[in-house]
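Structure, as structure tokens:
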Amino acid sequence: MKIETININNNINTYKATEDTQYILQMDTSNNKYKSINEISLDFILEKEDLNLQIIGPMIIREEQNIKISIQVKHMVPNTSCEVLIKSVIFPNSSLDFLGRIYIDNDSRNTTASLKDNSLLIGEGARKFSRPVLEIHNNDVKAFHGSASGNIDPLSLYYLQSRGLNKSQSENILIEGFLDDLINRINDRGIRDKLIKELKFKEKEPII
Amino acid sequence: MLKVKELSIEIENNRILNNINLEIRSGEIHVLMGKNGSGKSTLAQTIMGNPMCKISSGEIYFKGKNISDLNTENRAKQGIFLSFQNPIEIPGVNIFGYLRTIYNQTHENKLSPVKFREHTKKYLEMLDLKDDIYNRFLNEGFSGGEKKKLELLQCLVLEPRLIILDEIDSGLDVEALKIIGEVLNRIENTTILIITHYARILKYLSPSRVHIMSEGTIIKSGDINLIDQIEEKGFK
Amino acid sequence: MPGEARRGLSRQVVEEISSLKNEPKWMRDYRLKSFAYFTEKEIPDWGPDLSKVDFNDICYYLKPLDKEKRDWNEVPEKIKKTFEVLGIPQAERDYLAGVKAQYDSEVAYSSLQKEAEEEGVIFLSMDQALKKYPSLVQEHFGKLIPFSDNKFSALNSAVWSGGSFVYIPKGVKVKRPLQAYFRLNARNMGQFERTLIIADENSFAHYIEGCTAPVYSADSLHAAVVEVYVKKNARLRYTTIQNWSGDVYNLVTKRAGVEKNGVMEWVDGNLGSRVTMKYPSCYLIGNGARGEMLSLSYAGENQNQDAGAKMVHLAPNTSSIIVSKSVSQKGGVSSYRGLVEVSPIANNSKSHVECDALILDSKSFSNTYPVMRNNNNTSYIEHEASVSKVSDEKIFYLMSRGLSKSEAMGLIVSGFIEPIIKDLPMEYAVELNNLINMEMEGSVG
Chain A
159 MKIETININN NINTYKATED TQYILQMDTS NNKYKSINEI SLDFILEKED
209 LNLQIIGPMI IREEQNIKIS IQVKHMVPNT SCEVLIKSVI FPNSSLDFLG
259 RIYIDNDSRN TTASLKDNSL LIGEGARKFS RPVLEIHNND VKAFHGSASG
309 NIDPLSLYYL QSRGLNKSQS ENILIEGFLD DLINRINDRG IRDKLIKELK
359 FKEKEPII
Chain B
1252 MLKVKELSIE IENNRILNNI NLEIRSGEIH VLMGKNGSGK STLAQTIMGN
1302 PMCKISSGEI YFKGKNISDL NTENRAKQGI FLSFQNPIEI PGVNIFGYLR
1352 TIYNQTHENK LSPVKFREHT KKYLEMLDLK DDIYNRFLNE GFSGGEKKKL
1402 ELLQCLVLEP RLIILDEIDS GLDVEALKII GEVLNRIENT TILIITHYAR
1452 ILKYLSPSRV HIMSEGTIIK SGDINLIDQI EEKGFK
Chain C
551 MPGEARRGLS RQVVEEISSL KNEPKWMRDY RLKSFAYFTE KEIPDWGPDL
601 SKVDFNDICY YLKPLDKEKR DWNEVPEKIK KTFEVLGIPQ AERDYLAGVK
651 AQYDSEVAYS SLQKEAEEEG VIFLSMDQAL KKYPSLVQEH FGKLIPFSDN
701 KFSALNSAVW SGGSFVYIPK GVKVKRPLQA YFRLNARNMG QFERTLIIAD
751 ENSFAHYIEG CTAPVYSADS LHAAVVEVYV KKNARLRYTT IQNWSGDVYN
801 LVTKRAGVEK NGVMEWVDGN LGSRVTMKYP SCYLIGNGAR GEMLSLSYAG
851 ENQNQDAGAK MVHLAPNTSS IIVSKSVSQK GGVSSYRGLV EVSPIANNSK
901 SHVECDALIL DSKSFSNTYP VMRNNNNTSY IEHEASVSKV SDEKIFYLMS
951 RGLSKSEAMG LIVSGFIEPI IKDLPMEYAV ELNNLINMEM EGSVG
């Protein structure tokens, strides 16, 4: 599977894969790039048969940044599949507005499509708007989407604290765990390690 | 009862079964063994009429009639029953209503719900099942063993002439295996084809013939002694 | 001329409706304000195509006896067959098919009323309620759904006629379902029904409207408004099954305001109409309030079912659940449109949404357009949706037990909608299953 990293920026970008591809979305976390509301639009179009795409997006949104991102996957030909996995951690007074649209055309028989978008809302003022859209125009498909947002599970937090970790240490561990399974799906070791480093909480000041 | 003549099957343009010849007489118990991927399940599904299994040559006869072109529903009504290797979960379909429906489809004298409940009481006992199973939905949330028991319950309800058991013993614990083995023993007057790749269920039944399949064909047939040979040397 | 079949809408028509009914001034003024808003507001630019609705070609007020009739020979075969399948007596068939204008429902209806009265429940037509309980009505009418909510609530607010008024006193738990229609009601069935239900503190009732039998309507536009007040600790279940036959646009605004620890349950079955747009909503305004929506849609040939739900969490510890099941076939389009909104003060709230769609053939469509807005980090929203066809392996499994292909499909589809059916009164459940089996027979190639 080919691996392509996409730097999330202000443009509208269209991707037409010609072979099985894993796309990894990377946020530019330097210099408060997302301070003003950004509209990011990524279109993935499947026009070649027998293709399989994976779109992986770990996101951390903090320091009062607001991101508006739309991801569209359009299945136009038969025998394609796509899996979109977005996991975001949203800090106080930051927000994510996410539109995830799967479109399956009438000609696109034998299609499998899934979209999962999960967010952890950390602290007051963290907000998430989500619109996971499915537009399915033929029946030889399996299409699924799931979206969830909420705080860190209090029971898990309590469990870690009962082992002597303080609140922010416990939260950091749980946040890392939340993102971990996504990162483990990335097929390229180099990118994986780089992401772990960027997202690693232990090295940063505790936010909360 | 069942005669498979020079049968070759293709699934999605791949030749899966090649020139199969098999004859099972009424009342006999045959065993079909072989490694995973040897085509045993495909043969079972073909006999049942799975539309994915396309006959490229050969015929299937049941009770003297050529059923090669008969659809699945009618093969079931003729008296063929297949216990699936992986029974399908169908959410929301209440088991009691479903069992009664399939019974009434295949029997002249229809039974009211009350009468049907009475009629099936003995089956539940035989299978060591409680009647709260009637409140559940078809295979939904069932463990492997429960699914196999439910397959057998459906079999008892339908009273078929030919029973094909596709890996009925896989996923069963010792208790469940014993129960199912004893039930099979108690079914009288039926012809059975058991597909398995270990011989556990054969503790409870005495087959008249044993066949070994490999890569889509039957490579050897023999009597029950063949099984001991397999246990020693594997499928060769 | 009063009572004559007159088409088109104008300020004058609205005034006439009000004077024909002898209404108090406040209602007349309300209608006129609504009419003004209606004429200005645009048709929504989202959702099914409404461009063919000709507002000038509609009769906005008609006495029941003047309603158009048709000949039994004109009734489509499929409708006649459905009556057979549902076992409906001939007399009712005439009425339902539009062959007779009025069914003799007086007796049945008034006995329902009597039963309700014995429990202290007020159950009247909206027109009667306005006369008998004017202050109660005025206090609640149009407060949950203002005329300015959308174009069709404005239309309804201008020309409403018929519909039910139900008041359940404090502490009363109504034993039997209040059935506004059950194939029998002539009086209140109409295009622009207005229903107002008030469940006072600690009360409970189950209100049912509509029926599974196809009801012929010569009217092309139905724009109903339903307002439900669920006061503290009260619980109300509102079940609707609609199966309008004919070229009907069914555009309904339904909303419940739920107070502290109150529970509102919407159960919706959308079977008929050419176009349905219906998004029952719950405004959870009291601590611990709960809203539930169970929705079932069937979209067949030439049908567009656009349905969903709105849950707005405006207080802490509120919860909501939406379960939507849809089946589309023969080119039908089925869409789910929903909103879950958790406000910043709605601490510790939970919402769960599940939408599943079955598309039975390659001509049909299914869409889901959910929106989730979580403004409170201590609250949890989750949503899942799936779209698929009936798998071949399920069909094969059931056929291997002797069921025909259409019987297998019928069983699988019934199983698919079971979570909704199990919450319907028994006779609806049975009828719905019969209807489904009938549809399956016609569909299997």
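Protein chains in written order, with my numbering: chain A, 159 to 366; chain B, 1252 to 1487; chain C, 551 to 995.
Heads up, the beta-carbon is just placed ideally off N, CA and C, and yes, glycines get one too.
Would you mind reading off the limits of the beta strand (DSSP E) that contains Ser675/C?
Start and end: Ile672 to Ser675.
Hey, quick one: how far does the beta strand (DSSP E) through Ala704/C stretch, first residue to last?
Here Ala704/C belongs to no beta strand (DSSP E); instead the alpha helix (DSSP H) covers Lys701 to Val709.
Near Asn925/C, what residues of its chain come up, given a Cβ to Cβ distance below 7 angstroms and the 5 sequence neighbours on each side ignored?
Excluding sequence neighbours, Asn925/C sits near Val892, Ser893 and Pro894.
Between the beta-carbon of Ile872/C and the beta-carbon of Val903/C, is there less than 8 angstroms?
In contact: Ile872/C and Val903/C (Cβ atoms closer than 8 angstroms).
Give a yes or no on whether the minimum CB-CB distance between Met976/C and chain B is below 8 angstroms.
It does not: the Cβ of Met976/C has no partner Cβ on chain B nearer than 8 angstroms.
Could you tell me the boundaries of the alpha helix (DSSP H) in which Thr1323/B lies?
Per DSSP, Thr1323/B belongs to the alpha helix (DSSP H) from Thr1323 to Gln1329.
Taking only beta-carbon positions, decide if Phe938/C is within less than 8 angstroms of chain A.
The sequence as given places Ser at residue 938/C; Phe does not occur at that position. It does; some Cβ of chain A falls within 8 angstroms.
Going along chain A in order, which residues have a C-beta closer than 9 angstroms to the C-beta of Asp797/C?
The contacting residues do not exist; Asp797/C stays about 24 angstroms from chain A at best.
Can you name the residues of chain C whose CB is closer than 7 angstroms to the CB of Asn1301/B?
Chain C residues near Asn1301/B: Phe946.
With DSSP collapsed to three states, give me the class of Glu1376/B.
Here Glu1376/B sits in helix by DSSP.
Can you name the start and end residues of the alpha helix (DSSP H) that His690/C belongs to?
It spans Pro684 to His690 - the alpha helix (DSSP H) in which His690/C sits, taken as one unbroken run.
Which value, in whole angstroms, describes the spacing of the CA atoms of Ser1394/B and Tyr1349/B?
In a straight line, the C-alpha of Ser1394/B is about 19 angstroms away from that of Tyr1349/B.
So, Lys274/A versus Asp255/A, is the Cβ gap smaller than 8 angstroms?
For Lys274/A and Asp255/A, no; Cβs fall outside 8 angstroms.
At a Cβ threshold of 8 angstroms, is Arg285/A touching chain C?
It does: the Cβ of Arg285/A has a partner Cβ on chain C nearer than 8 angstroms.
Does the ligand MG have a heavy atom nearer than 7 angstroms to the CB of His1462/B?
Annotation note on the ligand MG: not contained in the displayed structure, which lists no ligands.
Check whether the Cβ of Ile1262/B lies closer than 8 angstroms to any Cβ atom in chain C.
Output row for Ile1262/B: interface = no.
Ser698/C to Arg259/A, Cα distance in whole Å?
Between Ser698/C and Arg259/A, the C-alpha separation is close to 31 angstroms.
Looking at chain C, is there any beta carbon in it that lies within less than 8 angstroms of the beta carbon of Glu1439/B?
No, Glu1439/B lies away from the interface with chain C (no Cβ there is under 8 angstroms from its Cβ).
Using DSSP with H/G/I as helix, E/B as strand and the rest coil, what is His902/C?
Note: His902/C maps to strand in three-state DSSP.
For a quick check, are the C-beta atoms of Ile1331/B and Thr1297/B less than 8 angstroms apart?
Going by C-beta atoms, Ile1331/B is not nearer than 8 angstroms to Thr1297/B.
When you check each C-beta in the region 883-914 of chain C against every C-beta of chain A, which residues fall closer than 7 angstroms?
Against chain A - using a Cβ distance shorter than 7 angstroms - the residues of the region 883-914 of chain C are Ile909, Leu910, Asp911, Ser912 and Ser914.
Any idea what DSSP makes of Lys355/A, helix, strand or coil?
Lys355/A: helix per DSSP, three-state reduction.
Just confirm the distance between the C-beta atoms of Glu207/A and Thr238/A, as a whole number of angstroms; I'd bet it's less than 8 angstroms.
Going by Cβ atoms, the distance from Glu207/A to Thr238/A rounds to 7 angstroms, so yes, they are a contact pair.
Helix, strand or coil: which one does DSSP assign to Asn1476/B?
Three-state result, Asn1476/B: helix.
Could one say the Cβ of Val1344/B lies closer than 8 angstroms to chain C's Cβ atoms, at least one of them?
Yes, Val1344/B lies at the interface with chain C (some Cβ there is under 8 angstroms from its Cβ).
Residue range of the beta strand (DSSP E) that Leu246/A falls in?
The amino acid occupying residue 246/A in the given sequence is Ser; Leu does not appear at that position. Looking at the DSSP string, the run of the beta strand (DSSP E) that includes Ser246/A is Ser239 to Ile248.
Give a yes or no on whether the minimum CB-CB distance between Met922/C and chain A is below 8 angstroms.
Cβ-Cβ to chain A under 8 angstroms: yes for Met922/C.
Taking all protein chains shown into account, decide if Arg561/C is buried (16 or more other Cβ within 10 angstroms of its Cβ) or exposed.
Under this definition Arg561/C is an exposed residue.
Cβ atoms of Ala839/C and Glu809/C: under 8 angstroms apart, would you say?
Yes, the Cβ-Cβ distance between Glu809/C and Ala839/C is below 8 angstroms.
How big is the Cα-Cα spacing for Asp346/A and Gln184/A?
Cα to Cα, the separation comes out at about 14 angstroms.
From the DSSP output, read off the bridge partner residues of Trp794/C.
Val765/C.
When the Cα atoms are used, what is the spatial distance from Tyr1374/B to Leu1456/B?
Each residue's Cα considered, the two are about 19 angstroms apart.
How long is the line joining the alpha carbons of Glu1263/B and Asp856/C, rounded to whole angstroms?
Whole-angstrom Cα-Cα distance: 39 angstroms.
Any residues in the region 1313-1334 of chain B with a beta carbon nearer than 9 angstroms to a beta carbon of chain C? Which ones, in chain order?
Per Cβ criterion, the list reads Asn1322, Thr1323, Glu1324, Asn1325, Arg1326, Ala1327, Lys1328, Ile1331, Phe1332 and Leu1333.
Between Ser950/C and chain B, is there a C-beta pair that is closer than 8 angstroms?
Yes - at least one Cβ of chain B is within 8 angstroms of the one on Ser950/C.
Grouping DSSP H, G and I as helix and E and B as strand, with all else coil, what is Leu801/C?
In the structure shown, Leu801/C sits in a strand (DSSP, three-state: E or B).
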